[in-house]
Amino acid sequence: GAVVSQHPSWVICKSGTSVKIECRSLDFQATTMFWYRQFPKQSLMLMATSNEGSKATYEQGVEKDKFLINHASLTLSTLTVTSAHPEDSSFYICSARDWDSGSYNSPLHFGNGTRLTVT
Amino acid sequence: AQKITQTQPGMFVQEKEAVTLDCTYDTSDQSYGLFWYKQPSSGEMIFLIYQGSYDEQNATEGRYSLNFQKARKSANLVISASQLGDSAMYFCAMREGSMGKTSYDKVIFGPGTSLSVIP
Numbered sequence: 092g093a094v095v096s097q098h099p100s101w102v103i104c105k106s107g108t109s110v111k112i113e114c115r116s117l118d119f120q121a122t123t124m125f126w127y128r129q130f131p132k133q134s135l136m137l138m139a140t141s142n143e144g145s146k147a148t149y150e151q152g153v154e155k156d157k158f159l160i161n162h163a164s165l166t167l168s169t170l171t172v173t174s175a176h177p178e179d180s181s182f183y184i185c186s187a188r189d190w191d192s193g194s195y196n197s198p199l200h201f202g203n204g205t206r207l208t209v210t
Numbered sequence: 024a025q026k027i028t029q030t031q032p033g034m035f036v037q038e039k040e041a042v043t044l045d046c047t048y049d050t051s052d053q054s055y056g057l058f059w060y061k062q063p064s065s066g067e068m069i070f071l072i073y074q075g076s077y078d079e080q081n082a083t084e085g086r087y088s089l090n091f092q093k094a095r096k097s098a099n100l101v102i103s104a105s106q107l108g109d110s111a112m113y114f115c116a117m118r119e120g121s122m123g124k125t126s127y128d129k130v131i132f133g134p135g136t137s138l139s140v141i142p
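These protein sequence lines map, in sequence, to chains A and B. Per the working numbering, the first sequence runs over residues 92 to 210. Per the working numbering, the second sequence runs over residues 24 to 142.
This is how it looks when you write it as structure tokens:
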């Protein structure tokens with residue numbers, strides 16, 4: 092099945108530094124990837140849609156200068172949390188769909204998530 | 024506005040019994056898809072089952088079945104013969120957007136239901 096690899100699985104950084112999270116589709120090409128954020132005991136909130144070769148589409152209320160998304164190839168999207176602050180501490184999870192599976196009902200395949208802690 | 028509602032924040036079920044997790048949704052699209060995902064405490068998102076808006080039969084996948092009532096806009100998940108490993112968060116999700124390949128179609132998630140299976 093389609094596999095999405097996300098790295099790192101956890102990271103601790105100091106306030107004011109930037110952190111990059113990578114999301115890779117290992118055995119399929121993903122023209123679109125999605126980045127979600129999840130606070131403890133809450134649901135997944137869509138942050139942005141990452142489009143290969145073009146600018147990401149951000150959801151309302153998400154700061155595009157804070158959360159930089161780059162989708163440089165058909166298998167890699169990165170999320171950079173810039174000038175991180177403690178309130179950015181959260182679980183970030185990426186996902187992608189294998190469109191070449193040929194079906195509209197193909198599910199999103201998720202990475203295992205990155206737990207970010209900003210001290 | 025909340026598009027997906029899961030009214031049961033927490034549920035308990037006896038091992039080997041069946042359990043129904045509720046999900047109602049709101050959309051003006053004629054074409055949409057409904058998903059259920061399981062999230063264990065480790066954080067990964069596991070796809071369980073899919074129901075398309077045009078599917079006439081309820082979806083089934085092993086011990087999982089989806090009770091789809093289109094007129095009522097509900098898509099309840101039924102887990103038969105519960106196992107201890109079923110203890111997890113369960114999210115109902117919906118995809119809106121036009122059929123076929125598109126560079127942008129969102130999947131949004133409900134608030135989730137925490138299921139605990141009692142031995």
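The beta carbon of each residue, even a glycine, is placed where N, CA and C say it ideally should be.
Which residues in chain B sit within 8 Å of residue i, going by Cβ to Cβ distance?
| i | result |
| --- | --- |
| S134 (chain A) | F114, F132, G133, P134 and G135 |
Between residue i and residue j, how many whole angstroms is the CB-CB distance? I'm expecting something under 8 Å.
| i | j | result |
| --- | --- | --- |
| M117 (chain B) | T50 (chain B) | 7 Å |
| T205 (chain A) | P99 (chain A) | 6 Å |
| K105 (chain A) | T208 (chain A) | With 8 Å as the limit, K105 (chain A) and T208 (chain A) do not qualify as a contact, their Cβ atoms being about 10 Å apart. |
| A187 (chain A) | V110 (chain A) | That belief does not hold up - the Cβ atoms of A187 (chain A) and V110 (chain A) are roughly 21 Å apart, past 8 Å. |
| C46 (chain B) | G133 (chain B) | 6 Å |
| A41 (chain B) | S97 (chain B) | The Cβ separation is near 17 Å, so there is no contact. |
List, in order along the chain, the chain B residues whose C-beta lies closer than 9 Å to that of residue i?
| i | result |
| --- | --- |
| I184 (chain A) | G66, E67 and M68 |
| F125 (chain A) | K129 and V130 |
Residues in its own chain within less than 6 Å of residue i by CB, not counting five upstream and five downstream?
| i | result |
| --- | --- |
| R128 (chain A) | M136, M138, S181 and Y183 |
| M68 (chain B) | Y60 and Q62 |
| T125 (chain B) | With a pLDDT of only 47 at T125 (chain B), under 50, the local geometry of the prediction cannot be trusted, and no value is derived from it. |
| N161 (chain A) | T169 |
| Y127 (chain B) | In this predicted model, Y127 (chain B) has a pLDDT of only 47, less than 50, meaning its place in the structure is not dependable enough to derive any value. |
In terms of DSSP beta bridges, what is residue i paired with?
| i | result |
| --- | --- |
| H98 (chain A) | A:E113 |
| K61 (chain B) | B:I69 and B:Y113 |
| F130 (chain A) | F130 (chain A) is not bridged to any residue. |
| S106 (chain A) | Looking at the DSSP assignment, S106 (chain A) forms no beta bridge with any residue, so it has no partner. |
Chain B partners of residue i, CB-CB under 7 Å?
| i | result |
| --- | --- |
| P198 (chain A) | F58, F70 and Y73 |
| F130 (chain A) | The contacting residues do not exist; F130 (chain A) stays about 12 Å from chain B at best. |
Please state whether DSSP places residue i in a helix, a strand or coil.
| i | result |
| --- | --- |
| E119 (chain B) | strand |
| L159 (chain A) | strand |
| L165 (chain A) | coil |
| L199 (chain A) | coil |
| G108 (chain B) | helix |
| E84 (chain B) | strand |
| Y127 (chain B) | Interpretation of Y127 (chain B) is limited by its pLDDT of 47, a score under 50 that renders its predicted location unreliable; the figure taken from the coordinates is listed afterwards. Of the three classes helix, strand and coil, the one that applies to Y127 (chain B) here is coil, per DSSP. |
Within its chain, find whatever has a CB closer than 8 Å to the CB of residue i; leave out the 5 residues flanking it on each side and keep chain order.
| i | result |
| --- | --- |
| A82 (chain B) | I72, Y73, Q74, S88, L89 and F91 |
| S139 (chain B) | G33, M34, F35, V36 and S110 |
| S76 (chain B) | D52, Q53, S54, Y55, G56, L57 and K93 |
Find the residues of chain A that neighbour residue i, judging by a C-beta separation of less than 7 Å, and give them in chain order.
| i | result |
| --- | --- |
| K26 (chain B) | Near K26 (chain B) there are no residues of chain A at all, since even the closest Cβ is about 11 Å away, more than 7 Å. |
| K61 (chain B) | The premise fails here: K61 (chain B) is roughly 11 Å from chain A at the closest Cβ pair, so nothing lies under 7 Å. |
Could you tell me if the beta carbon of residue i falls within a distance shorter than 7 Å of some heavy atom in the ligand MG?
| i | result |
| --- | --- |
| V102 (chain A) | Summarising the ligand content, the structure contains no ligands, and the ligand MG is consequently not present. |
Which chain C residues are close to residue i, counting only those with a beta carbon under 7 Å from its beta carbon?
| i | result |
| --- | --- |
| F158 (chain A) | No chain C appears in the structure shown, which is made up of the protein chains A and B. |
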